[in-house]
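Residue numbers (my numbering): 27 to 160.
Think of the CB as a built atom: it goes at the ideal place given N, C-alpha and C, for glycine as much as any other residue.
The structure under discussion appears below in the form of structure tokens.
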């Protein structure tokens with residue numbers, strides 16, 4: 027299966043895939059988001075979800091910063107990376123890239139170790155699903 031992504035959408039994936047969590051069906055302010063996560067899927071507007079091996083990536087969160095790296099198997103492959111600061115309030119997510127200054131907002135839900143993130147960046151809604159490592 028061939029996957030075509032425009033550069034803005036692929037680059038938008040960087041900032042969107044930045045929220046993660048742990049716990050059981052909880053998104054309150056006491057949720058500890060620190061950890062390392064693996065990409066399970068990402069969905070761009072008008073496309074089917076991309077899953078490994080088409081899209082692979084990791085997300086590392088500290089208390090206030092994120093670092094995300096994603097490879098999308100297009101021709102040629104696209105490597106996207108971003109770092110920055112994030113904050114949460116309840117299940118609301120906001121982040122600002124220290125690489126390009128872009129901002130994204132949205133929300134997240136989690137069930138066990140699976141986190142689903144719905145974010146809008148530059149007018150594009152993007153959904154990503156992450157799995158927290160052991």
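Report the three-state DSSP secondary structure of residue i (helix, strand or coil).
i, result
"residue 103", "coil"
"residue 121", "strand"
"residue 159", "coil"
"residue 80", "coil"
"residue 149", "coil"
Is it right to say residue i is buried, meaning 16 or more other beta carbons lie within 10 angstroms of its own, or is it exposed?
i, result
"residue 159", "exposed"
"residue 154", "buried"
"residue 115", "exposed"
"residue 131", "exposed"
"residue 123", "buried"
"residue 108", "buried"
"residue 145", "buried"
"residue 72", "exposed"
"residue 94", "buried"
"residue 83", "buried"
Starting from the C-beta of residue i, find all residues in its chain whose C-beta is less than 8 Å away, skip the five residues before and the five after it, and write them out in chain order.
i, result
"residue 88", "60"
"residue 52", "Only weak support is given to the placement of residue 52: the predicted model assigns it a pLDDT of 42, under 50, and the question is left unresolved by the model."
"residue 103", "97"
Distance check for residue j and residue i, CA to CA, integer angstroms please.
i, j, result
"residue 121", "residue 66", "21 Å"
"residue 106", "residue 133", "22 Å"
"residue 63", "residue 77", "14 Å"
"residue 152", "residue 99", "18 Å"
"residue 148", "residue 126", "13 Å"
"residue 69", "residue 113", "23 Å"
"residue 117", "residue 80", "29 Å"
Closer than 6 Å by C-beta to residue i: which residues in its own chain qualify, once you throw out the five before and the five after it? Chain order, please.
i, result
"residue 91", "111"
"residue 135", "142"
"residue 55", "In this prediction, residue 55 has a pLDDT of 46, which is less than 50 and means its spatial position is unreliable; what the coordinates show is noted afterwards. Counting only Cβ-Cβ distances below 6 Å, and skipping sequence neighbours, we find nothing."
"residue 86", "62 and 93"
Can you list, in chain order, the residues of its chain with a C-beta nearer than 7 Å to that of residue i? Leave out the 5 residues immediately preceding and following it.
i, result
"residue 157", "63, 64, 66, 139 and 140"
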